[in-house]
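Below: the structure, in structure tokens.
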Amino acid sequence: MHREVTVPVSTTQTSPFVIRQLGLVDYESTFAAMQAFTAAR
332 MHREVTVPVS TTQTSPFVIR QLGLVDYEST FAAMQAFTAA R
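Read the sequence shown against the numbering used here and you will find it ends at 372, with the numbers running on by one and no gaps.
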């Protein structure tokens, strides 16, 4: 089961913070996705 929670980070920030509960997922593909996300910031 995948769940998603959206939480405002602060009252001045317009983009919400999204927390996703993914359950069991492949480590290598998840780590690669995190690295790509960080590199794109």
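Ideal Cβ placement from N, Cα and C applies to all residues, glycine included. Fair warning: this is a prediction, and the values are worked out from it, not measured in the lab.
Item                                                                                                        : Value
Let me check one thing: in DSSP terms, what residues is R334 bridge-paired to?                              : Q352
Provide the residue span of the alpha helix (DSSP H) that contains S360, from first to last.                : Y358 to A371
Suppose contacts are defined by Cβ-Cβ distances below 9 Å. Is R372 in contact with Q352 by that definition? : no
Which residue's Cα is closest to the Cα of P347: A370, S360, A363 and V336?                                 : V336
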